[in-house]
Ligand code: NAD
């Protein structure tokens with residue numbers, strides 16, 4: 197049996213990543229606000245804890261996979277947060293929270309001698325399940341060497357920078373591309389179908405041609421054409437990622453014309469389809485206006 201690790205946030209991504217760590221023989225202390233999420237991991241061999249502070253009083257390394265910057269901040273720095281733990285030395289955050297929040301949390305934790313390792317992930321629920329995520333680690337070299345083996349249980353590990361926030365910048369650039377690909381592919385597919393093309397043949401052509409992207413390769417054939425809308429990532433979370441991108445690009449004075457258009461369509465998906473709905477439902481915003489369905 198390897199080291200004991202803490203894992204907080206056992207949702208669409210966290211549950212699978214925690215299971216992979218258990219399968220790799222790590223002992224896990226787990227916490228989530230949902231009892232049923234804890235129970236699933238306890239059934240797989242993890243030990244339940246009653247708060248983030250309780251997790252952080254049992255282990256030296258705690259991992260987070262939580263939805264929003266506000267929640268990560270509370271779980272890291274709140275009165276029952278990781279910072280109140282008596283044993284923790286390193287907090288590895290796999291969530292997407294933007295560079296500014298990562299830096300704030302890093303400063304807050306440093307006051308208690310705890311290091312933040314900014315380490316967002318990409319690859320979706322399927323990647324979390326199969327251990328093929330892109331893991332974008334930002335921390336000093338020595339710490340990276342220490343964490344590499346453990347993080348390789350959840351995916352392909354990249355050392356993208358040394359300071360908190362570099363991982364977040366990498367992730368926001370990646371997710372803007374993913375968000376843009378799905379938004380623009382929705383418009384192109386709806387246009388083709390309304391003009392009378394078969395969407396299956398459209399995808400075959402696009403994926404053999406220069407329009408190929410993650411939406412045409414994966415989301416359209418596997419979740420939109422079958423109308424299952426089940427990739428396991430919420431509209432609200434993708435909208436958060438694009439908003440975080442815009443905030444950062446504006447601060448860096450980098451043009452955002454296309455990113456602003458992408459943000460608007462995700463805003464529409466949140467208000468018309470719902471923030472909890474799967475992000476592949478963004479196509480429905482275009483379908484409703486065009487009066488056709490891609491199926
Ligand atoms: P999710 O909403 O499915 O899971 C979040 C989990 O955190 C839930 O189990 C929830 O109960 C728990 N939680 C919420 N508040 C809590 C608190 N105060 N204390 C403890 N637990 C709390 O989200 P997800 O899709 O698993 O995403 C997690 C993070 O990973 C997000 O930052 C997201 O942007 C990022 N991400 C998601 C995907 C994806 O495809 N789903 C891919 C890459 C990155």
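Numbering (the working numbering), first residue to last: 197 to 491. Positions of the beta carbon are idealized from the N, C-alpha and C atoms, including for glycine.
DSSP three-state assignment for residue i, whether helix, strand or coil
i, result
"residue 379", "helix"
"residue 344", "helix"
"residue 223", "strand"
"residue 329", "strand"
"residue 358", "coil"
"residue 374", "helix"
"residue 202", "strand"
"residue 268", "helix"
"residue 399", "helix"
"residue 432", "helix"
"residue 286", "strand"
"residue 312", "strand"
"residue 278", "helix"
"residue 353", "strand"
"residue 388", "helix"
Rounded separation between residue i and residue j - CA only
i, j, result
"residue 309", "residue 423", "49 Å"
"residue 218", "residue 211", "11 Å"
"residue 300", "residue 360", "9 Å"
"residue 429", "residue 207", "10 Å"
"residue 374", "residue 319", "10 Å"
"residue 296", "residue 220", "33 Å"
"residue 479", "residue 397", "18 Å"
"residue 277", "residue 248", "5 Å"
"residue 289", "residue 199", "18 Å"
"residue 223", "residue 243", "8 Å"
"residue 349", "residue 324", "10 Å"
"residue 261", "residue 392", "43 Å"
"residue 473", "residue 259", "26 Å"
"residue 482", "residue 317", "29 Å"
"residue 265", "residue 436", "9 Å"
"residue 245", "residue 357", "32 Å"
"residue 453", "residue 256", "44 Å"
"residue 355", "residue 343", "11 Å"
"residue 251", "residue 444", "32 Å"
Proximity to residue i [Cα-Cα], best of the options
i, options, result
"residue 370", "337, 238, 455", "455"
"residue 273", "477, 312, 329", "312"
"residue 234", "462, 255, 202", "202"
"residue 465", "230, 316, 378", "378"
"residue 315", "303, 306, 340", "340"
"residue 486", "444, 246, 387, 417", "387"
One or two residues paired with residue i in a DSSP bridge
i, result
"residue 416", "The partner list for residue 416 (beta bridge, DSSP) is empty, contrary to what the question assumes."
"residue 317", "331"
"residue 404", "Answer by DSSP bridge pairing: none, since residue 404 is not bridged."
* Any alpha helix (DSSP H) of 4 or more consecutive residues that is wholly inside the region 454–490 -> 478–486
* Identify every run of the alpha helix (DSSP H) within the region 216–260, keeping only runs that are complete inside it and at least 4 residues long; order them along the chain. => 231–239, 248–252
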